Every structure is written in structure tokens, then in C-alpha cells.
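Chains as they are written, first to last, in the numbering used here: chain A, 370 to 595; chain B, 86 to 157; chain C, 3 to 124. Backbone N, C-alpha and C define an ideal beta-carbon position, used for all residues, glycine too. It should be emphasised that the depicted structure is a prediction, and the values quoted were computed from it without experimental measurement. Beneath this line is the structure, given in C-alpha cells, with notes to follow.
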């Protein structure tokens, strides 16, 4: 079998208006168990450039308009078509769950900006039993660190306005002022204007938030080994 | 099958002040489902082996079709 | 779908120059140099090259396991004894990796290979 460029996992087969791939190659749908992958025949991964990145994004956007649920795959993913089965089958459950989460939804990206990170939230000590041994305490401390790395306490004042629009959230902390964190919000299709309005209503203090989107749900792939 | 190994021209995408391109880079190169990867092994500055990997890393207690979780 | 370009006019809707630079630098750091990750043994210090690769891979696996252990602990699928045992094993593994690294002149920050699509460890 030959190599394919994998664009995305999709919940249902797109109609004829799904468009072509980033080399104008026809898009095909490959079935792996009960998952569907949108692929294009391609012998080698395209070089990274502004043009190829934007072309890939355009393909994903057209596909996203033609299907209900889409999980974009990383740019440049070329592998033998026969290898898809190995890669996807064992992860089928988490991929299906991720597809269900993103169905009918889009991503808004928030950049959280300011000159200093918010003080870290302290992990509740109550979760560690008083007689816990060193191993349990170590794991509890590491859990607190993992959680802090996935939180954006700076958004607290903004949350009441966004709460009813946000279906899921992913956070990447940068902690390199002025860029403190990137927050990715999953919203229902059609809610982008309302979301932007809620963000812009929030008066900037020493923390600013800049929103872009809507995007296909790039940030909502299942977390590696979540 | 040829693979792109050049670095210099690709880094040009970072020499941008275009915020929308940075968003695209973020979405396409740091997000999305990861299904493949590759590595180049070498000695004394000479690239010798190129290996393309279809990545499969999965939580052991969430395996499907391939083996039972242990214990419990 | 609307264009991803931010609207003009409102004060919060676009990044300032300094913020853009910060985002650019951070993405450049995260993405790396876009070519496949390389391991190239330094002939002047082969032992250190080998140690660095081996320890980095072991640390990578240790972090993977740690993340699963935390997830299982949160999900309640580890008994208290398992939590204690796994926690101690992870602690000892981390100490061992650092100890061996020190012997080769490797600090914890050195054990951080670019793993391509898996990103950098840190």
C-alpha cells in the first residue's frame, strides 16, 4: 500500500463538497474499525512553509464545514495506509470520545497576557490522608504541579461571562511575560460572536486577553496518554 | 519515499510578525492528533539512519482489542 | 467560518508588538527546528552522548508513567498501597536518573531532547 497524508479523523463521511487536499489531491475516507480518517495520497510530507500551513488549514476548514465532528491531525502526518490500523485501533475509544466532544463545535483561542503570572493555586492538603507515606505524598505533590500547569487562574474574572458558552477548555502555560498562557475554549458553532463580545466586555486590568477564532478544534485532540 | 530533512528554509516561518500565521503554527504544529514521528540517528555529525515511526502510546488501562488490563 | 484575523478597532482585539514577539519566541521554542529530531553521538565524548540519550529516554518514560499514575490516582483506580508503591518507585527512579546523570556531568536540564511531534519534555 502507498503512503497517505492524514488530515483529520471525522465523525461521518463528507459529501462531494469536502474539497481537495493541500496538493489538490482528492480526499479519501478510510475506515479503521468504527473510526473514519480523511486522507490524501501523498508520497512525501510537504515542506513546512507559510503556504503549506495555510493550505492545510484551508483543507481542514473546508472539511469542518462538510462534517459534524472533526479531529484535526498534526500537520505533516504521512504514513503507510496500512499503518493507520495499528495507530488508531488501540486508541479507538479515546478518539471516539474526543470526536463526540467536538461534534458541532469550534475552538476559540485566548492569549492571556500580563507582566507576572498569577500566584499558583495551592493544592488542597485535605486530599492527602494524614498518614500517607512518602510515595503517596510525592504523587500528590506531582499532581498539584500537573494541575497548575493546566490552569489559568488569570481568567477567573472572565469566567462568569464565558461559562455558559464554554463546553471544554485546554490550557498551555507559557509563564514568559508578557505571554502567560494560551487557553483554548470549545464553543458551539455559531457562538463565536457572542464569545468575542463577552471577552471584549471584560475591562482589561493588569491582565489582558486577546481572542482569535473560530478555528476547527485543533487543541481538542485527546491529550497524549490522558 | 523521500523525507524533508532541511531545517533552514522551514525556520523562515518564525520570522513573522503576522499574528494569524502564529495562530496557524500553534494549531498545526503543536496541536492535533499525533500519528507519526521520525528520528535521525548519526555519528560524528553524519546522518546515518532515518527511522519513521507510527506512534502508538496508549494508557495501559484503556487498551481496546489488544490485551486485558491487569489486576482489578 | 469567519476569518481568524482579529478585528481592528477594539483595544483588546490584537496583540501588541511585545506580546507578539513573546508568542513568536515561545512557539519557536516549542516547535523546534522542524526537521526530524536527531541523535548524533559526539565522537569526542561518546560516553556522555550515550548517557544523555539513555537517561533522556528513561526520564521520558518515567514522566509518561507518572502522568498515568496521577490519572489513575485521581480516578480512584489505584489502591492506597499501589499509590504508595508507585509513588516511591517514581521517586527512586527520578533520583537514580539524576545520580547517574551527575556522574556524566549531566544536569536535569540536559535530559531534554526534542522529540519532534511529542514535543520537548519540558
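Cα-Cα separation between residue i and residue j, rounded to whole angstroms
i	j	result
residue 41 of chain C	residue 35 of chain C	14 Å
residue 474 of chain A	residue 499 of chain A	44 Å
residue 461 of chain A	residue 19 of chain C	43 Å
residue 15 of chain C	residue 570 of chain A	11 Å
residue 512 of chain A	residue 83 of chain C	17 Å
residue 532 of chain A	residue 482 of chain A	20 Å
residue 509 of chain A	residue 72 of chain C	8 Å
residue 431 of chain A	residue 136 of chain B	33 Å
residue 85 of chain C	residue 101 of chain C	24 Å
residue 116 of chain B	residue 422 of chain A	13 Å
residue 455 of chain A	residue 125 of chain B	22 Å
Outcome for residue i when other beta-carbon atoms lying within 10 angstroms are tallied against a minimum of 16
i	result
residue 495 of chain A	Residue confidence is low: residue 495 of chain A scores 45 on pLDDT, short of 50, so the model does not pin down where it sits. No coordinate-derived value is stated.
residue 86 of chain B	Because the pLDDT of residue 86 of chain B is 39, which lies under 50, any placement of that residue in the model is unreliable, and the number read from its coordinates should be weighed accordingly. It counts as exposed.
residue 77 of chain C	exposed
residue 102 of chain B	exposed
residue 120 of chain B	buried
residue 48 of chain C	exposed
residue 372 of chain A	buried
residue 544 of chain A	exposed
residue 38 of chain C	buried
residue 547 of chain A	buried
residue 451 of chain A	exposed
residue 68 of chain C	buried
residue 400 of chain A	exposed
Partner residues on chain B for residue i, Cβ-Cβ distance less than 7 Å
i	result
residue 30 of chain C	99
residue 590 of chain A	116, 117 and 118
Within chain B, the residues that residue i reaches when beta carbons sit closer than 9 Å
i	result
residue 375 of chain A	118, 120 and 121
residue 540 of chain A	Per Cβ cutoff of 9 Å: no residues; residue 540 of chain A is ~13 Å from chain B at best.
Amino acids of chain C, ordered along the chain, whose beta-carbon sits closer than 8 Å to that of residue i
i	result
residue 480 of chain A	17, 21 and 25
Proximity test, Cβ basis, 9 Å: residue i and chain B
i	result
residue 38 of chain C	yes
residue 549 of chain A	no
residue 515 of chain A	no
residue 42 of chain C	yes
residue 442 of chain A	yes
residue 585 of chain A	yes
Below-9 Å beta-carbon distance, residue i vs any chain C residue
i	result
residue 473 of chain A	no
residue 569 of chain A	yes
residue 425 of chain A	no
residue 492 of chain A	Reliability of the predicted coordinates at residue 492 of chain A is poor, the pLDDT of 49 falling under 50, and the value obtained from them is presented with this limitation in mind. No, because no Cβ of chain C sits closer than 9 Å to the Cβ of residue 492 of chain A.
residue 511 of chain A	yes
residue 545 of chain A	yes
residue 577 of chain A	yes
Short Cβ contact (9 Å threshold) for residue i with residue j
i	j	result
residue 390 of chain A	residue 374 of chain A	yes
residue 478 of chain A	residue 588 of chain A	yes
residue 64 of chain C	residue 96 of chain C	yes
residue 395 of chain A	residue 409 of chain A	yes
residue 585 of chain A	residue 377 of chain A	yes
residue 578 of chain A	residue 534 of chain A	no
residue 539 of chain A	residue 553 of chain A	yes
residue 418 of chain A	residue 98 of chain B	yes
residue 504 of chain A	residue 88 of chain C	yes
residue 521 of chain A	residue 470 of chain A	no
residue 106 of chain B	residue 444 of chain A	no
Beta-carbon neighbours of residue i, restricted to chain A and to distances below 8 Å
i	result
residue 90 of chain C	502, 503, 504 and 507
residue 95 of chain B	416, 417 and 418
Proximity test, Cβ basis, 9 Å: residue i and chain F
i	result
residue 580 of chain A	Absent from the structure: chain F. Protein chains present are A, B and C.
Chain A contact for residue i (CB, 9 Å cutoff)
i	result
residue 102 of chain B	no
residue 82 of chain C	yes
residue 87 of chain C	yes
residue 113 of chain B	yes
Chain-ordered neighbours of residue i on chain A, where CB pairs are closer than 9 Å
i	result
residue 109 of chain C	By Cβ distance, chain A contributes nothing, its closest Cβ being about 19 Å from residue 109 of chain C, past 9 Å.
residue 106 of chain B	419, 422 and 423
Proximity test, residue i beta-carbon vs the ligand MN heavy atom, cut-off 8 Å
i	result
residue 17 of chain C	Ligands in the displayed structure: none, and consequently the ligand MN is not present.
Contacts that residue i makes with chain A (C-beta to C-beta distance below 7 Å)
i	result
residue 109 of chain B	422, 423 and 426
residue 64 of chain C	Going along chain A, no residue has its Cβ under 7 Å from residue 64 of chain C, so there is no contact; the nearest lies around 11 Å.
Contact set between residue i and chain B, taken where Cβ atoms lie within less than 8 Å
i	result
residue 74 of chain C	146
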